[in-house]
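Student: Structure provided below as structure tokens; questions to follow.
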DNA sequence: TATATTGTTGCACAATAGTGCAAATATAAG
DNA sequence: CTTATATTTGCACTATTGTGCAACAATATA
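Chains as they are written, first to last, in this note's numbering: chain B, 6 to 105; chain V, 6 to 105.
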């Protein structure tokens, strides 16, 4: 694992490791269809601008995707991507090194 | 998922989501045997006091365990615990809700 | 007892992060 | 064109976090 990979992984975990952002992720988890930002406002204790900023961070980390639809933006969770990252780390952690 | 559970999970992810702490975790990953703090110092770019503080946070979150041995302390990674938490989240994220 | 080793803690400080509010932007609708 | 809705951004502010240094505590060794 290169330092850059490690940094990238840390950034992903940091993005997930904030209460309001994790709330947003969990909320998106439960939605079949993409949700717009206003709709997501009530799942965390910040105003619209705060939600916007949190969604921006989640987007930058590849955790969610945005699709512009008229004046709204639809956010959806990149389920496979995030799950893959978490499982890769879990695998690495659980793999006890061979006794050499 | 209760707000308390969510907060707890966020705390775990936050603990993992800092570069130097994640370095420590990855380093412990590769060790068969518990390591003392001094031995872990060279895997991240902070001095002994910084390592001590990071290990304290990791311990508080249950990510690592400590065992006192004389004047040294041996740290080991709680592999099963961390892997379990990460996989649980991955499962939750990947489970698309049923169309109702 | 004196000294070296290991690790933690208090303090100060700089950097980062999260927040609300108000203004700006963008687009849709009337 | 005017207005309403959705979202972003600038600004200011506060809180949190990461850090090194020096002092301290605890334990082993000479």
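Just so it is clear, CB atoms sit at the ideal spot from N, CA and C, and this is done for glycine as well. Computed from a predicted model, the values in this text were never measured in an experiment.
1. Given residue 42 of chain V, which residues of its chain have a CB within under 8 angstroms of its CB, disregarding the five upstream and five downstream residues?
2. So, with DSSP's three-state summary, where would you put residue 5 of chain V?
3. Nearest to residue 67 of chain B by alpha carbon, out of B:99, B:6, B:30 and B:51?
4. Would you mind giving the Cβ-Cβ distance between residue 95 of chain V and residue 99 of chain B, rounded to the nearest angstrom? I have them listed as a contact below 8 angstroms.
5. Going by DSSP, what residues sit across from residue 40 of chain B in a beta bridge?
6. Can you confirm whether residue 13 of chain V, when its beta carbon is compared against all beta carbons of chain B, has any partner nearer than 7 angstroms?
7. Since residue 39 of chain B meets chain V, which of its residues come closer than 8 angstroms, beta carbon to beta carbon?
8. Given that residue 64 of chain V touches chain B, what residues does it touch there, using C-beta distances under 9 angstroms?
9. Check the DSSP bridge columns for residue 69 of chain B and list the partner residues they point to.
10. State the Cα-Cα distance for the pair residue 65 of chain V and residue 38 of chain B, rounded to the nearest angstrom.
11. Measure the alpha-carbon distance for residue 82 of chain B versus residue 12 of chain B and round it to whole angstroms.
12. With respect to the alpha helix (DSSP H) encompassing residue 7 of chain B, which residues constitute its N-terminal and C-terminal limits?
13. Can you pull the chain B residues whose beta carbon is under 9 angstroms from the beta carbon of residue 61 of chain V, in chain order?
14. Shortest alpha-carbon distance to residue 8 of chain B belongs to which of V:51, V:62, V:25 and V:18?
Tutor: According to the data block:
1. One-based indexing of the second chain puts residue 42 of chain V at position 37. 53, 56, 57, 60, 77, 78 and 80, listed in sequence order.
2. Residue 5 of chain V is absent from the model: chain V starts at 6 and stops at 105.
3. As a first step, residue 67 of chain B must be located in the first chain, where it is residue number 62. Checking every option, the nearest Cα to that of residue 67 of chain B belongs to B:30.
4. The residue given as residue 95 of chain V occupies position 90 in the second chain. The residue given as residue 99 of chain B occupies position 94 in the first chain. About 13 angstroms; that fails the 8 angstroms criterion.
5. Position 35 of the first chain holds residue 40 of chain B. Checking the DSSP bridge columns, you'll see residue 40 of chain B partnered with B:80.
6. Locating residue 13 of chain V in the second chain gives position 8, where the first residue counts as 1. Interface with chain B (7 angstroms Cβ-Cβ cutoff): residue 13 of chain V is excluded.
7. The residue labelled residue 39 of chain B in the question sits at position 34 within the first chain. Neighbours of residue 39 of chain B on chain V: none; closest Cβ ~13 angstroms, over 8 angstroms.
8. Along the second chain, read from residue 1 onward, the residue named residue 64 of chain V stands at position 59. For residue 64 of chain V, there are no neighbours in chain B by C-beta distance under 9 angstroms, as the nearest C-beta there is about 16 angstroms away.
9. Taking the first chain and counting its residues from 1, the one referred to as residue 69 of chain B is at position 64. Paired residues: B:82.
10. Counted from its first residue, the second chain places residue 65 of chain V at position 60. Counted from its first residue, the first chain places residue 38 of chain B at position 33. So the alpha carbons of these two residues sit roughly 38 angstroms apart.
11. On the first chain, residue 82 of chain B is found 77 positions in, with the first residue counted as 1. On the first chain, residue 12 of chain B is found 7 positions in, with the first residue counted as 1. Residue 82 of chain B and residue 12 of chain B: Cα-Cα distance of roughly 22 angstroms.
12. Against the first chain, residue 7 of chain B aligns to sequence position 2. Bounds of any alpha helix (DSSP H) do not take in residue 7 of chain B, whose DSSP letter is neither H nor E.
13. Here residue 61 of chain V refers to the residue found at position 56 of the second chain. The contact set of residue 61 of chain V on chain B, defined by CB atoms closer than 9 angstroms, is empty, because the minimum CB distance reaches about 17 angstroms.
14. The residue you call residue 8 of chain B lines up with position 3 of the first chain. Here the closest residue by C-alpha is V:25.
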